[in-house]
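Residue numbers (my numbering), protein chains in the order written: chain A, 57 to 434; chain B, 57 to 434.
2 protein chains.
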Amino acid sequence: MINFSINKNLFLQALNTTKRAISHKNAIPILSTVKIDVTNEGITLIGSNGQISIENFISIKNENAGLLVTSSGSILLEATFFINVVSSLPDITLDFKEIDQKQIVLTSGKSEITLKGKDADQYPRIQEISASNPLVLETSVLKNIINETAFAASTQESRPILTGVHFVLTENKNLKTVATDSHRMSQKQIILEKNGDNFDVVIPSRSLREFSAVFTDDIETVEIYFTNNQLLFRSENISFYTRLLEGNYPDTDRLIPTDFNNIITFDTNNLRYAMERARLLSNATQNGTVKLEIINGVVSAHVNSPEVGRVNEEIDTESISGQDLTISFNPTYLIDSLKAIDSEKVTISFISAVRPFTLVPNDDTENFIQLITPVRTN
Amino acid sequence: MINFSINKNLFLQALNTTKRAISHKNAIPILSTVKIDVTNEGITLIGSNGQISIENFISIKNENAGLLVTSSGSILLEATFFINVVSSLPDITLDFKEIDQKQIVLTSGKSEITLKGKDADQYPRIQEISASNPLVLETSVLKNIINETAFAASTQESRPILTGVHFVLTENKNLKTVATDSHRMSQKQIILEKNGDNFDVVIPSRSLREFSAVFTDDIETVEIYFTNNQLLFRSENISFYTRLLEGNYPDTDRLIPTDFNNIITFDTNNLRYAMERARLLSNATQNGTVKLEIINGVVSAHVNSPEVGRVNEEIDTESISGQDLTISFNPTYLIDSLKAIDSEKVTISFISAVRPFTLVPNDDTENFIQLITPVRTN
């Protein structure tokens, strides 16, 4: 029966990381528990919601953990409640001891708390991925890619494949990632430093956001393993499994236009704040759009809500070319796009009032492109 | 028609203070607006939810306001929306100009936003209180009193009078404040530095919490004016009106016991954290109580939830007198009480397992007393 002592704060941190895969109200009740596996090498905390699974290992060699294992074993504990109890313990150290009938006793300072657990055999098996030839990426690079694309994925289940981000590796080094909800699209390309096996997968955008939360900045690199329907992100102590989306991702290359009539460079934040003002009013209009007018080289934004009021605003440009144009679109799409751009300047290129326009950051004009579809208002 | 310019940040701060009296979903739609009264002396922002009303004055003499009034008048604007719009403006200064048909134009930088307002005549009149002989209190003193008592008021409307805090001034200088929800009670007494007219009022605890949020720490003193059914807290720029509760407040003096069998002094935080641990488990029990055992001078806390588990904990004492006792109560009441106590040490005095026990902070044993009623568990 399990018996170990550990530093409370480190244990709590690992529990909270694992909990990101655990939902309190899961249709499968056993998935609201955290599985605690104790061996002579350390403790593994396991959580899963059926879509993503996290295994978090605390080694006896981790000096910050102060982990001392006297006896090994496995048990399930209701995750939220267990975490609340651990976080309330008075002392810096806690003793975790399994007693009869799947009960555990936590002792810390003068406090002694007994909790009822469940048999670890009830927990579903997390699919093992045979570890061979992983793709290795810097965590910060992968998190940037996610930040630049995942927001453009669909949140509607009507076309499930669009709720994911398309990751494609070709020529063993060209990684292309694309997300689209059919109104807007974001595509980022990078060239890998180390070659890898080619792949073509669609990763749920929700899993990618959880990945970004779980893999903190102190984890420098991440290994990525694939199977048919699962993917594993792995660092020294964390294994993060996610299901992949099944189906064919639409061909997005053909959507990207190349010939433009108007090319305008803006200050990224300046344009974003103007769109945020416009959105306050456009939310109260029937079609929710802002109208951008380009007249004699001057760009202005307009919203007219018969009930609430109107916005008229001239927007400074850094450079501008092309003829007059009036185009309407949902300002939220443009705000989301601009938020994903780190560059101080952004260049937007238009074809006409009814064709998608593109955004590229001025500091990376080749590899990062976004598309937004306008709304016909007449 | 109104015309003024003002510093955006100061205007926004004043709007947000006023908004504390404005509820977005008021049964009376006009109360979701903020009233803006502009005179040659300055701007008054007025908000009300029918229970409390706030008038916030920005003087042309306030140097931080940079207020320049060119033309006076009054208008109503939907509060939440107007505040969002003001906060989105690009420049540090904004111009506010009324045009035809109760419309206003906000200009800031290159942004021009037109909003539809309403006729100020539609706004209900806030009862004026004839200003004579106010009670003057230090804001920090009044906020401390509120912090020490208001939490104990009832949140149930079954006995409306108990949702308030009873403020009584006798002998022109003895101020007694009491709140009780019939399960616990908190009473604070102070002696005023300046004499005032005697009064006996019941102030809604919700109004008092809003008062504490509105009267920031930079406001040193507050004047208090009374009428039959209203009370006004006033500082140089803010008038905060609240309705009073009607009816007779129960006689609470007779509830306070004087003879005790067990007197124990605890470290306040130590006891509080032990109760917070106990509550985690007691929430999962039928009667939600913790059992305190005093045996041979040792105090321990116990909760036993057949479904979840149990807590057993010895609690350190600073001093202890009296015989053995076992008493059960809702740990939330004790946690709330301990949170209201600033003192490092707290003394709890018991009569028996079925009589209320008292808490007094060790640094103010005379003027601040709390009462908690135990729960009979057998």
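A virtual CB, placed ideally from N, CA and C, is assigned to each residue, including glycine.
Note that the structure is predicted; figures quoted are calculated from it, not measured.
When you compare each of the options to residue i by their alpha carbons, which one comes out closest?
{"i": "K158/A", "options": "T100/A, F271/A, N59/A", "result": "N59/A"}
{"i": "L133/A", "options": "Y179/A, I397/A, I294/A", "result": "Y179/A"}
{"i": "V224/A", "options": "S127/A, I201/A, V257/A, S210/A", "result": "V257/A"}
{"i": "F413/A", "options": "D237/A, S167/A, K244/A, I312/A", "result": "I312/A"}
{"i": "A83/A", "options": "G106/A, I92/A, L71/A", "result": "G106/A"}
{"i": "T298/A", "options": "I259/A, S115/A, R432/A", "result": "I259/A"}
{"i": "F113/B", "options": "S242/B, E292/B, T219/B", "result": "E292/B"}
{"i": "A135/A", "options": "G129/A, A269/A, N120/A, R76/A", "result": "R76/A"}
{"i": "N284/B", "options": "V270/B, D274/B, E276/B, L301/B", "result": "L301/B"}
{"i": "I139/B", "options": "S88/B, S375/B, G165/B", "result": "S88/B"}
{"i": "V359/B", "options": "I350/B, E369/B, N352/B, V278/B", "result": "E369/B"}
{"i": "I148/B", "options": "S164/B, I185/B, Q183/B, I397/B", "result": "S164/B"}
{"i": "V197/B", "options": "V416/B, F207/B, I185/B, L248/B", "result": "L248/B"}
{"i": "L231/A", "options": "N72/A, N254/A, R262/A, L415/A", "result": "N254/A"}
{"i": "N317/B", "options": "I201/B, Q245/B, I350/B, A206/B", "result": "I350/B"}
{"i": "R215/A", "options": "I160/A, S238/A, T272/A, V367/A", "result": "S238/A"}
{"i": "D398/A", "options": "T324/A, E422/A, N339/A", "result": "T324/A"}
Going straight from the alpha carbon of residue i to that of residue j, what length do you get?
{"i": "K153/A", "j": "L145/A", "result": "15 Å"}
{"i": "R328/B", "j": "P362/B", "result": "24 Å"}
{"i": "T429/B", "j": "Q379/B", "result": "20 Å"}
{"i": "L337/B", "j": "N203/B", "result": "28 Å"}
{"i": "I131/A", "j": "L171/A", "result": "11 Å"}
{"i": "M57/B", "j": "T233/A", "result": "56 Å"}
{"i": "I320/B", "j": "I217/B", "result": "33 Å"}
{"i": "N189/A", "j": "S295/A", "result": "16 Å"}
{"i": "T388/A", "j": "R335/A", "result": "7 Å"}
{"i": "N326/B", "j": "T314/B", "result": "26 Å"}
{"i": "A235/B", "j": "L394/B", "result": "16 Å"}
{"i": "I383/B", "j": "S405/B", "result": "12 Å"}
{"i": "T226/A", "j": "M331/A", "result": "37 Å"}
{"i": "T403/A", "j": "D372/A", "result": "13 Å"}
{"i": "I92/A", "j": "T100/A", "result": "6 Å"}
{"i": "F282/A", "j": "L390/A", "result": "34 Å"}
{"i": "P85/B", "j": "S104/A", "result": "47 Å"}
{"i": "G122/B", "j": "I62/B", "result": "5 Å"}
{"i": "S68/A", "j": "T73/B", "result": "Here residue 68/A is Leu; the residue named in the question, Ser, does not match the sequence. If I take the Cα positions, the gap works out to 39 Å."}
{"i": "D273/B", "j": "I182/B", "result": "26 Å"}
{"i": "I160/A", "j": "D307/A", "result": "54 Å"}
{"i": "V278/A", "j": "I185/A", "result": "15 Å"}
What residue range does the beta strand (DSSP E) around residue i cover?
{"i": "I280/B", "result": "277–282"}
{"i": "A409/A", "result": "Note, A409/A: premise wrong, no beta strand (DSSP E); not H, not E."}
{"i": "V359/B", "result": "354–361"}
{"i": "K81/A", "result": "Where K81/A is concerned, there is no enclosing beta strand (DSSP E), given that its DSSP letter is neither H nor E."}
{"i": "D93/A", "result": "89–94"}
{"i": "T421/A", "result": "Taken as a continuous stretch (DSSP letters only), T421/A belongs to no beta strand (DSSP E), as it is neither H nor E."}
{"i": "I58/B", "result": "Unbroken run through I58/B: none, as it is neither H nor E."}
{"i": "G103/B", "result": "98–104"}
In or out: residue i buried (at least 16 other Cβ within 10 Å) or exposed?
{"i": "N251/A", "result": "exposed"}
{"i": "K199/A", "result": "buried"}
{"i": "H222/A", "result": "buried"}
{"i": "T81/B", "result": "The residue asked about is misnamed: residue 81/B is Lys in this sequence, not Thr. Counting Cβ neighbours within 10 Å, K81/B comes out exposed, since fewer than 16 surround it."}
{"i": "I102/A", "result": "buried"}
{"i": "Q426/B", "result": "buried"}
{"i": "N386/A", "result": "buried"}
{"i": "G303/B", "result": "exposed"}
{"i": "K117/B", "result": "exposed"}
{"i": "D269/A", "result": "Per the sequence presented here, residue 269/A reads as Ala, with Asp not at that position. Exposed is the call here."}
{"i": "T95/A", "result": "exposed"}
{"i": "V410/A", "result": "exposed"}
{"i": "S242/A", "result": "buried"}
{"i": "G353/B", "result": "exposed"}
{"i": "T205/B", "result": "buried"}
{"i": "I155/A", "result": "exposed"}
Since residue i is in the alpha helix (DSSP H), which residue starts that stretch and which ends it?
{"i": "Q69/B", "result": "64–75"}
{"i": "V431/A", "result": "Here V431/A belongs to no alpha helix (DSSP H), and DSSP marks it neither H nor E."}
{"i": "L264/B", "result": "261–270"}
Only counting runs of 3 or more residues, tell me where the beta strand (DSSP E) segments fall wholly within the region 285–345 of chain A, in order along the chain.
286–290, 294–299, 318–323
Could you give the uninterrupted runs of the alpha helix (DSSP H) lying entirely in the region 169–255 of chain A, keeping only those of 4 residues or more?
195–205
Beta strand (DSSP E) runs contained entirely in the region 369–403 of chain A, provided each spans 3 or more residues:
375–377, 381–385
Minimum length 3: unbroken beta strand (DSSP E) runs contained in the region 112–174 of chain B:
124–127, 129–134, 149–155, 159–164, 167–172, all fully within the region 112–174 of chain B.
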